[in-house]
Structures are given as structure tokens and as C-alpha cells.
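Structure, as C-alpha cells:
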């Protein structure tokens with residue numbers, strides 16, 4: 045290998061080297077442009093209120109401390125929202141992944157009767173939809189308004205995920221395997237649970253990650269379907285704290301200036317806290333992620 | 009297999025039939041089917057409404073701007089990554105550029121607001137150091153589109169590049185060897201091997217993007233809106249939400265939404281057929 049790479053660099057022409065340098069410069073710029081805002085947010089969240097509002101944070105935390113986090117966790121909305129979002133994410137992911145596998149697996153089998161018709165039936169919903177109000181009326185008619193189900197059911201299946209999962213099953217679970225186990229007297233359900241699912245870890249990881257992130261980040265369904273505060277997911281509370289600037293705390297006239305500084309800081313801390321779960325699972329799923337996505341999407 | 013089908017029927021197909029609402033005078037007590045027919049009344053109302061042209065213009069402007077920027081950038085990113093020999097550097101760039109994709113819309117919007125805040129935002133502080141007066145970015149209707157589009161690129165470019173990287177990985181290695189034997193430069197190799205290699209994937213993505221032209225990010229735009237920028241930020245979907253759910257004008261909002269969906273479908277079908285004729289790549 046070493047000798048091959050040496051040869052390679054020797055053969056590189058002058059123009060190619062300039063080009064390659066340009067590529068590295070470009071990618072480094074992209075890297076900095078993407079990374080800097082993220083670093084800035086994290087650093088700000090660990091700085092002091094005065095440093096944040098005084099604009100003294102540029103790259104690393106200034107007068108490092110945890111005041112922002114302390115203030116964020118004192119906010120009861122953040123705590124309620126966090127608990128609710130954890131529930132919605134866990135329950136929603138379970139429901140979504142189960143339903144997606146239930147439809148994607150049959151669609152991947154060539155022997156399945158009415159396969160292309162069913163595929164059309166599903167893909168069509170990507171092309172045309174009833175729109176906001178007609179959907180809202182259905183959710184209302186089914187009696188889901190202001191219940192936890194309103195966040196779990198109406199958007200449970202994403203067609204794109206079905207397509208990715210179907211392609212994965214079709215390419216990585218050969219029909220011969222199904223036939224062989226049928227001959228061995230294995231029922232369809234048994235086959236799925238003891239052969240298909242263990243072989244499908246990468247795609248299950250992708251589905252879980254995408255649905256979990258979607259559920260954790262979703263706010264619009266909650267905005268239109270929920271009315272009771274105690275059911276609200278984190279994102280809805282975030283919207284009122286971060287964007288609408290509604291502070292629920294009591295207003296003490298003497299401390300207003302200090303409070304405003306703390307509020308600016310708290311926003312950064314809240315941003316970090318609310319993105320944490322996704323960032324924690326991301327590296328674990330990442331190795332499956334590229335693998336699953338690649339197999340699932342390219343041959344679609 | 010039955011539950012997912014039921015899901016599609018209830019939450020996707022029944023709403024499609026509910027669009028008859030657009031042709032009816034909706035009455036809560038009589039329900040959708042019992043309400044009297046209104047004919048094209050609500051479409052007339054919409055087309056003759058002074059906001060119609062603004063909405064249509066804003067929706068199209070933002071989408072086309074977004075498409076023009078967010079379609080080529082991931083391709084360029086993937087091609088550049090394809091040139092990198094150091095696996096470590098490549099992985100680092102990928103890991104970092106994916107990350108913003110997982111930030112929620114609400115958080116993304118508040119980050120934009122914090123960064124661009126007049127006086128206190130980091131962007132204005134930087135401008136201040138350079139001796140430039142503070143700019144109220146989000147209160148400036150002329151800047152809304154750029155803010156929306158470029159923040160979107162920051163968030164999604166790395167993620168969107170994955171699919172092209174996958175396509176590049178699928179290119180037959182013998183083509184690269186042939187190019188090397190022929191003495192192709194890196195640029196020529198990109199032009200003659202890489203680009204044809206990702207063309208099928210790019211075509212499909214382009215078709216899908218065009219098919220989504222009318223369905224641009226409602227959530228983000230709605231959250232970024234403020235009274236100072238609505239002249240450029242009000243789009244059809246934010247209008248439907250305000251008229252429909254906040255003012256409970258169901259029939260009118262359904263008509264506007266239907267107009268939106270129909271244009272969307274029309275765009276998708278036409279682009280698909282053009283692509284089919286030109287390159288043999290199509291969605292169906």
C-alpha cells in the first residue's frame with residue numbers, strides 16, 4: 045500500500061496539486077463555517093450572564109459557569125416538556141418503526157400479491173395531500189384533539205422511510221432465504237422475528253434515528269392539536285421561551301436588568317439541553333446510519 | 009400490514025376526500041357532506057384577493073432561490089469530499105456537516121434570532137467591530153429570503169451530500185483507472201467520471217425538489233415571521249394556517265391549500281416527464 049501511494053503522489057501533476065489544495069481549502073472553510081456557530085452556542089451557554097450580553101464571548105467560554113443551566117432547570121416548563129418529549133419520542137418511535145416495517149417488508153417481497161398497486165397507493169400520498177384543514181378535521185373527527193395520540197398517530201409513517209426500508213429488505217434479504225425457511229416449516233411471523241429483523245439492524249437503526257429525531261423536534265402537530273399545557277412537548281415550550289420571549293417567572297422590578305442578562309444566557313443553555321438527546325444517540329447510530337442509508341437509498 | 013394501510017386510509021386518503029370542503033360552505037353542525045355547495049366561490053375570493061399575487065410571488069421566489077442554492081451545493085460538497093485522500097479529514101468534515109441537520113426548527117430559528125439580533129447578536133457585534141452600523145436583519149423584508157435560504161443550506165447541505173457520496177461510491181472503479189491511463193487531470197476526472205456517475209441520483213433529487221416547490225418549510229418561515237418582514241415572508245402555507253385555523257375559515261383555507269397542492273402536483277408531473285424525455289431518469 046505504502047509504495048502505491050508514493051507512486052501516486054509522484055505522478056500528481058502541478059495542476060492537480062493546485063486543484064487538490066483548493067479542495068482542501070474549500071472543505072476547511074466549510075468545516076469552520078459549520079462548526080463555528082455550534083461552538084459559539086456551547087461556549088456561550090457555559091459563560092457568565094454579563095459576558096454573554098456584553099458580547100465578550102467569541103470562541104471559548106468567558107467567566108465559565110453553570111448559571112444558565114441552573115436557570116434553565118429551574119423553569120418548570122423545561123422539565124415538563126422534557127418529560128413529555130421523552131415519552132413522545134419513545135412511544136412514537138416504537139409505533140412508527142413497527143408500522144413502517146409492517147408495510148415495507150411485504151412490499152419488498154416479489155411474491156407478494158398486489159405489490160405495485162400498494163406501492164402506488166402509498167407513494168401517491170407523497171404527491172398529493174388533502175392539506176392542513178382537511179387533515180385537521182379528520183384528526184378532530186377521530187377524537188384525537190388534545191390527547192397524546194394526536195402526536196403519535198397522524199404522522200406515524202413517512203413514505204420516504206418506507207421506500208428506504210423496502211429497498212433494504214429487497215436487497216439484503218434474498219427471496220431464497222424466505223423459501224428455505226418456509227420449507228423448514230417456519231411461519232411468516234417467525235421468519236420475520238428470527239431471521240429478517242436480526243439481519244436488518246442497520247435499517248432499523250436508521251428508522252429509529254430518523255423517527256426519534258423527527259418526534260423529538262416536532263412542534264407543529266402539537267401547536268395545532270394540543271391545548272392542555274401539561275401535554276405539551278418540549279419544542280412548544282421552547283418556542284414560547286426562545287422565540288416568543290414569554291417568561292413565566294415573576295417580574296421583580298429591581299432585578300430586571302440582571303434578569304434580562306440571565307435570560308439571554310439561559311437561551312443558549314436551553315438550546316444545548318434540548319439538542320442533547322439527539323447528539324447523544326447520534327454517534328451510536330452513525331455507523332449504522334451511513335451503511336443503512338447507502339443501501340436503502342441508492343438503489344431506490 | 010393491515011394497520012399501516014388503515015393509517016394511510018384514515019390520515020392520508022380521507023383528508024384527500026375532505027378537500028370537497030373547498031367547494032362547500034362549511035357548517036360545523038351539518039358536517040362536510042351535509043354543508044351546502046358553494047361552487048367556485050372560495051377560489052374566486054382567493055384569486056381576486058389583493059394578497060393572492062403577493063403570496064404566489066413570495067412562495068415561488070423563496071422556493072426557486074432555495075432550489076438554486078441548495079441543489080448544487082451538496083453536489084459540490086460531495087465531489088470535493090470525493091477528492092480527499094485522508095479518510096480522517098473526510099470523516100471529520102462529514103461528521104460536522106451532518107450535525108446541524110439534527111437541530112430542531114424551533115432551536116434553529118432561535119439560533120438565527122440570537123445571532124442576528126440587533127445590537128446584541130454576534131453578527132452585529134462583528135459588524136460593529138468593522139465600523140458598520142447595526143442591522144435589524146429580521147426586520148428587513150429584503151433580507152428575509154437570504155436568511156431563510158442560507159440558514160437552510162447551513163443546516164442541510166452536509167446531510168444532502170450523503171446521497172451523492174453514495175452514488176460516487178457506486179461508480180465502477182475501472183472508469184477511474186481508465187481515466188488515469190488516459191492521463192486525465194483531477195478536474196477532467198470529475199467532469200467525465202464523477203458527474204455522469206451522480207447524474208441519475210441528482211435528477212431524482214431535482215425532480216423531488218421541484219415537486220416540493222410549493223411546500224417549502226412552513227414551520228421555519230412561520231417562526232421567522234414578524235410584522236416587519238411579512239411583505240416577503242408570507243407564503244401560501246402560512247396564510248392557510250392563519251386564515252384556516254386561527255380564524256376558523258375552513259372552506260376558504262381548504263381552497264387555498266388545494267390550489268397549492270394542485271400546482272405542486274402539476275410541477276412534479278411536468279418535471280418528471282421532462283426528465284424522462286431528456287435523460288431516461290424519472291420517478292415513475
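Chains as they are written, first to last, in our numbering: chain A, 45 to 344; chain B, 9 to 292. Think of the CB as a built atom: it goes at the ideal place given N, C-alpha and C, for glycine as much as any other residue. Only a predicted model underlies this, so the values are computations on that prediction, with no experimental measurement involved.
Take residue 267/B, set aside five residues on each side of it, and the residues of its chain with a beta-carbon closer than 8 Å to its own are 51, 54 and 244, in chain order. Residue environment for residue 116/A: buried (at least 16 other C-beta atoms within 10 angstroms of its C-beta). With distances taken between CA atoms, residue 165/B lies nearest to 78/A out of 235/A, 78/A, 273/A and 165/A. Secondary structure at residue 202/A: coil, using DSSP grouped into helix, strand and coil.
Contact annotation, residue 314/A with residue 122/A: C-beta distance approximately 7 Å; criterion of less than 8 Å satisfied. For the options 67/A, 246/A, 187/A and 168/A, the alpha carbon positioned closest to that of residue 269/A is the one of 187/A.
Taken through DSSP and simplified to helix, strand or coil, residue 311/A comes out as helix. Between the C-alpha atoms of residue 175/B and residue 207/B there is a straight-line separation of about 9 Å. Taking a 10 Å sphere around the C-beta of residue 247/B, we find 16 or more other C-beta atoms and assign the residue as buried. Around the beta carbon of residue 280/B, a 10 Å sphere encloses 16 or more other beta carbons of the protein chains shown; the residue is thus reported as buried.
Residues of the stretch 153-178 of chain B that bring their beta carbon within less than 9 Å of a beta carbon in chain A comprise 162, 165, 166, 170, 171, 173, 174, 175, 177 and 178, in sequence order. Residue range 80-91 is occupied by the alpha helix (DSSP H) that includes residue 91/B. Assigned with DSSP and collapsed to three states, residue 199/B falls in helix. As a beta-bridge residue in DSSP terms, residue 32/B pairs with 45/B. When Cβ-Cβ separations below 9 Å define contact, residue 287/B makes no contact with chain A.
Per DSSP, residue 234/A is one residue of the alpha helix (DSSP H) stretching across 232-235. The Cβ of residue 130/B sits closer than 9 Å to at least one Cβ of chain A.
Assigned with DSSP and collapsed to three states, residue 233/B falls in coil, not helix or strand. Counting only the Cα atoms, residue 125/B lies some 15 Å from residue 140/B.
Within the stretch 114-202 of chain A, the alpha helix (DSSP H) runs of at least 4 residues that lie entirely inside it are, in chain order, 120-152, 159-171, 176-185 and 193-196. Residue 263/A has a beta carbon lying within less than 9 Å of a beta carbon in chain B.
With a cutoff of 9 Å on beta-carbon distance, residue 169/B and residue 86/B are scored as near each other. A direct Cα-Cα distance of roughly 19 Å separates residue 112/B from residue 146/B.
Of 180/B, 217/B and 237/B, the smallest CA-CA separation from residue 203/B is found for 180/B.
Interface with chain B (9 Å Cβ-Cβ cutoff): residue 179/A is included. At least one beta carbon of chain A lies nearer than 9 Å to the beta carbon of residue 227/B. By the Cβ rule, the stretch 87-105 of chain A counts as touching the stretch 308-322 of chain A, because three or more pairs are nearer than 8 Å. Spanning the alpha carbons of residue 250/B and residue 64/B requires a straight line of approximately 16 Å. Between residue 237/B and residue 179/A, the CB-CB gap reaches or exceeds 9 Å. Between residue 210/A and chain B, the shortest Cβ-Cβ separation is not below 9 Å. Taking 7 Å as the cut-off between beta carbons, the residues of the stretch 17-34 of chain B near chain A are 18, 19, 20, 22, 23, 24, 26, 27 and 29, in sequence order. Within the stretch 109-125 of chain B, the residues whose Cβ lies closer than 8 Å to some Cβ of chain A are 110, 111, 112, 113, 114, 115, 117, 118, 119, 121, 122 and 123, listed in chain order. When the beta-carbon positions are compared, residue 200/A and residue 140/A come within less than 9 Å of each other. With a beta-carbon spacing of about 7 Å, residue 135/B and residue 143/B fall inside the 8 Å limit used to define contacts. Cβ-Cβ distances below 8 Å link residue 286/A to 311, 314 and 315 in the same chain, with the five nearest sequence neighbours on each side left out; the list follows chain order. Taking 9 Å as the CB threshold, residue 11/B lines the interface with chain A.
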